[in-house]
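In my numbering, the protein residues as written are 50 to 300.
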């Protein structure tokens, strides 16, 4: 309800006080409507929500674009049509025994204009260890273009994956045991994923930091025996909280 402060008069433009966020300070009723003293005027609100995004990759190319692979041992990255959470393809990171490798974003991103940037992605972890974890996946970030790296910590993580040994020192890590749906399926090396197994994750970048030269990378490590189908990643986004513009109008 809007009230017009001038006694015994009508107006087409009025000041309103509504207990919602954001507050509309001025409402233009146009030429055909008026707000009158003693006559309640019912309002409705519409919104235009924008999700600012700096980077998106759904890995639709037949080649891995935008990432480089470096490893100790045999770690590979390729796109596959076996599963996908969006589009027709996803990224598949595989490895052999006793491997440690990185799939690194090629170019730095400037997130300095973002207030609260964060990383989201969908994934399926088919790494050895349905009962005990032997192989792990991590997500790391760099604030200096890849010179130094920091693993995302549990404090940075917004999701429902099991702890799986994650600590502030080790970082947030993912295994086949991160979700019961995964551990129930991936009990041997020949088990393949399905689209029903996708899970979504989010990591927040540090606040009050220089975010003008950001990179991310996915890290896999394995023990000395056995390897499964790998780590499947899709729908990779780096963005910030949505911006909503409210529009008020008479019903």
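We put the beta carbon where it would ideally sit given N, CA and C, even for glycine. Model, not experiment: these values are computed from the prediction.
Coil, strand or helix - residue 260 by DSSP: Mapped onto the chain shown, residue 260 falls at position 211. In this structure, residue 260 counts as coil in the three-state DSSP scheme.
Integer-rounded CB distance, given that residue 213 should sit under 8 Å from residue 224: Against the chain shown, residue 224 aligns to sequence position 175. Against the chain shown, residue 213 aligns to sequence position 164. The pair is a contact, with the Cβ atoms about 5 Å apart (cut-off 8 Å).
As assigned by DSSP and simplified to three states, the class of residue 198: By one-based count along the chain shown, residue 198 stands at place 149. Correct three-state label for residue 198: coil.
Collapsed DSSP secondary structure at residue 242 in the structure displayed: Mapped onto the chain shown, residue 242 falls at position 193. Residue state, collapsed to three classes: coil.
Whole-number beta carbon distance between residue 107 and residue 275, since they are thought to touch under 8 Å: In the chain shown, counting from the first residue as 1, residue 275 sits at position 226. In the chain shown, counting from the first residue as 1, residue 107 sits at position 58. Not a contact, Cβ separation roughly 30 Å.
Residue 138 Cβ short of 7 Å to the ligand PLP heavy atom set: For the structure depicted, the ligand PLP is absent and the ligand set is empty, with no information on it obtainable.
Exposed unless 16 or more other CB atoms sit within 10 angstroms - verdict on residue 141: Here residue 141 refers to the residue found at position 92 of the chain shown. Buried.
Contact check, residue 170 vs residue 285, beta carbons under 8 Å: Locating residue 170 in the chain shown gives position 121, where the first residue counts as 1. Locating residue 285 in the chain shown gives position 236, where the first residue counts as 1. With contacts defined by Cβ atoms closer than 8 Å, residue 170 and residue 285 form a contacting pair.
Residue 246 versus residue 118: straight-line alpha-carbon distance, rounded: Along the chain shown, read from residue 1 onward, the residue named residue 246 stands at position 197. Along the chain shown, read from residue 1 onward, the residue named residue 118 stands at position 69. Straight-line spacing of the CA atoms in residue 246 and residue 118 works out to 25 Å.
At least 3 beta-carbon pairs within less than 8 Å: the segment 156-168 vs the segment 131-139: Touching, no.
Residue 247, DSSP secondary structure in three states: Here the question's residue 247 lines up with position 198 in the chain shown. When DSSP states are grouped into helix, strand and coil, residue 247 belongs to the coil group.
Range of the contiguous beta strand (DSSP E) that encloses residue 132: Within the chain shown, residue 132 is the residue found at index 83, counting from 1. Taken as a continuous stretch (DSSP letters only), residue 132 belongs to no beta strand (DSSP E), as it is neither H nor E.
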